[in-house]
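Trainee:
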Amino acid sequence: MKKKGAILIENVVFIILNILFLAVLILFLVKQGSGAIVLEQSYSKQIALLIDSAKPVMLLKIDMEKGKKLAEKNGIDFNDVVNINGNIVKVKLSEKGGYEYAFFNDIEATAYPDTDDKNGYIYVITITKKEIKNE
Amino acid sequence: MNKKGTDKILSMYWFVILVIVAGGIFAMVYNFYGAPYDVRGVESEILAEKIADCISKNGIIDSEFFIEEDFNEEIGDTFMEKCNFNFNVESGYGEDNEIQYFYRVEFYTLEEMENPKFNFYGGNKNWENDCFIVGKDDEEYSRLAKCTEKRFYALKEGKDQYLIKILSVVGKSEKNVKQ
Numbered sequence: 001m002k003k004k005g006a007i008l009i010e011n012v013v014f015i016i017l018n019i020l021f022l023a024v025l026i027l028f029l030v031k032q033g034s035g036a037i038v039l040e041q042s043y044s045k046q047i048a049l050l051i052d053s054a055k056p057v058m059l060l061k062i063d064m065e066k067g068k069k070l071a072e073k074n075g076i077d078f079n080d081v082v083n084i085n086g087n088i089v090k091v092k093l094s095e096k097g098g099y100e101y102a103f104f105n106d107i108e109a110t111a112y113p114d115t116d117d118k119n120g121y122i123y124v125i126t127i128t129k130k131e132i133k134n135e
Numbered sequence: 136m137n138k139k140g141t142d143k144i145l146s147m148y149w150f151v152i153l154v155i156v157a158g159g160i161f162a163m164v165y166n167f168y169g170a171p172y173d174v175r176g177v178e179s180e181i182l183a184e185k186i187a188d189c190i191s192k193n194g195i196i197d198s199e200f201f202i203e204e205d206f207n208e209e210i211g212d213t214f215m216e217k218c219n220f221n222f223n224v225e226s227g228y229g230e231d232n233e234i235q236y237f238y239r240v241e242f243y244t245l246e247e248m249e250n251p252k253f254n255f256y257g258g259n260k261n262w263e264n265d266c267f268i269v270g271k272d273d274e275e276y277s278r279l280a281k282c283t284e285k286r287f288y289a290l291k292e293g294k295d296q297y298l299i300k301i302l303s304v305v306g307k308s309e310k311n312v313k314q
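Residue numbers (the numbering used here), protein chains in the order written: chain A, 1 to 135; chain B, 136 to 314.
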């Protein structure tokens with residue numbers, strides 16, 4: 001009887017360790033896929049490509065639900081997540097992070113946060129023709 | 136037979152396998168997420184589409200490309216402005232802050248498909264050679280520029296037909312390829 005009990009405990013410990021191991025692995029995979037570095041890069045490249053293919057007077061809406069959650073977690077104001085300066089898009093989701101990507105379309109692009117019909121967090125990119133500066 | 140000893144060796148062996156599997160998965164994930172998203176192919180396609188839109192609307196070549204019967208030789212100088220392109224934006228990308236884009240447009244008549252009747256280009260010409268390297272899709276050539284070739288037919292004011300070939304190239308390897 002004593003021997004059978006020992007075998008049961010050994011098996012339970014073994015199963016718990018295996019489950020723990022799998023949980024750590026899954027957590028690692030999920031964290032890697034939704035990390036600030038990966039999201040910053042994917043958002044900035046997506047926005048830059050959208051702007052490249054856009055034409056003046058267009059309005060682009062980008063779902064930023066994941067970005068909003070991560071920015072909040074990292075103490076970044078959602079208003080400061082996307083910045084378009086000249087022809088460079090910068091997305092910042094963490095205090096030390098930030099990823100820039102350039103677009104070639106010579107238009108005026110501005111970005112501001114908003115919510116959609118379902119109260120989801122989005123960013124709106126407005127595309128307008130660049131004003132010709134008279135010197 | 137020492138059953139207890141065998142069990143211990145077996146469970147140790149099992150954990151060694153777990154560590155190897157975990158190590159493999161960590162390495163693969165690190166490799167996957169450590170490499171940047173390569174969007175240069177899509178970017179060069181967008182550039183080619185934009186150039187095509189700029190050359191012809193509804194299959195008719197823009198009248199600015201011609202001066203009476205001949206091609207307007209100066210269109211190459213004003214093309215970037217006409218199409219709203221700004222290639223001078225990649226400060227900090229590549230060595231010497233060089234321009235990361237290139238395009239070439241060639242017009243062929245249906246009678247002479249070998250040599251273009253008219254052509255012009257813009258951007259950094261150094262990238263063009265990357266498009267002609269054999270086996271450039273291999274992993275070891277991933278840092279070469281991405282190219283898109285587009286061709287279509289269009290009419291000059293509803294009369295002469297031209298084959299138009301567009302080659303668009305995007306460098307930007309620093310932002311799109313693992314260094």
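Where is the CB? At the ideal position from N, CA and C, for every residue including glycine. Quantities reported herein were computed from a predicted structural model and do not represent experimental measurements.
#1: Is Gly98/A close to chain B, meaning its C-beta is less than 9 Å from at least one C-beta of that chain?
#2: If you reduce the DSSP assignment to three classes, tell me which class Ala289/B lands in.
#3: When the Cα atoms are used, what is the spatial distance from Tyr238/B to Lys69/A?
#4: Which residue's Cα is closest to the Cα of Lys281/B: Glu309/B, Tyr297/B, Asn254/B?
#5: Nearest to Cys218/B by CA position, among Leu17/A, Tyr123/A, Ser44/A, Lys55/A, is which residue?
#6: By DSSP's criteria, Tyr158/A is part of a beta bridge. Which residues make up the other side?
#7: Using only the alpha-carbon positions, how far apart do Ile136/A and Ile152/B sit?
#8: Looking only at DSSP bridge pairs, what is Gly258/B linked to?
#9: Assuming the contact rule is C-beta atoms closer than 8 Å, Gly86/A and Val224/B should be a hit. Round their C-beta distance to whole Å, please.
#10: Relative to the C-alpha of Lys118/A, which candidate in Glu65/A, Phe28/A, Asn11/A has its C-alpha closest?
#11: Quick check: Ile127/A and Asp114/A, are their CB atoms within less than 9 Å of each other?
#12: Given Asn79/A, which residues of its chain have a CB within under 6 Å of its CB, disregarding the five upstream and five downstream residues?
#13: Which residues in the same chain have their Cβ closer than 8 Å to the Cβ of Ile76/A, if we skip the five residues on either side of it in sequence?
#14: So for Asp117/A, helix, strand or coil by DSSP?
#15: Hey, out of Phe220/B, Pro251/B, Pro171/B, whose CA is closest to Arg286/B's CA?
#16: Tell me where the alpha helix (DSSP H) around Ser42/A begins and ends.
#17: What does Asn219/B touch in chain A if you count any residue whose Cβ is under 7 Å from its own?
#18: From which residue to which residue does the beta strand (DSSP E) around Lys61/A run?
#19: Going by the CB atoms, is the gap between Lys291/B and Ile195/B shorter than 9 Å?
#20: Taking Cβ positions only, does Met136/B come closer than 9 Å to chain A?
#21: Counting pairs of Cβ atoms below 8 Å between the segment 239-250 of chain B and the segment 296-313 of chain B, do you hit three or more?
#22: Taking any Cβ of chain B, which residues in the segment 67-94 of chain A have a Cβ under 9 Å from it, in chain order?
#23: Helix, strand or coil, according to DSSP, for Ile365/B in the structure here?
#24: Below 8 Å on C-beta distance, what does Leu182/B contact in chain A?
#25: Consult DSSP for Glu184/B and reduce its assignment to one of helix, strand or coil.
#26: Name the chain B residues whose beta carbon is nearer than 7 Å to that of Val38/A?
Mentor: In this structure, then:
#1: no
#2: strand
#3: 40 Å
#4: Glu309/B
#5: Lys55/A
#6: Residue 158/A is absent from the structure shown; chain A starts at 1 and stops at 135.
#7: With chain A covering only 1 through 135, there is no way to say anything about residue 136/A.
#8: Phe237/B
#9: 7 Å
#10: Glu65/A
#11: no
#12: Pro113
#13: Lys92, Leu93, Ser94, Glu95
#14: coil
#15: Pro251/B
#16: 36-52
#17: Asn105, Asp106, Ile107
#18: 59-63
#19: yes
#20: Its pLDDT being 49, under 50, Met136/B is placed unreliably by the model, and the measurement read from it follows with that caveat. Judged by the 9 Å Cβ criterion, Met136/B is not in contact with chain A.
#21: yes
#22: Gly86, Asn87, Ile88
#23: With chain B running from 136 to 314 in the structure shown, residue 365/B is simply not present.
#24: Asp52, Phe104
#25: helix
#26: Tyr168
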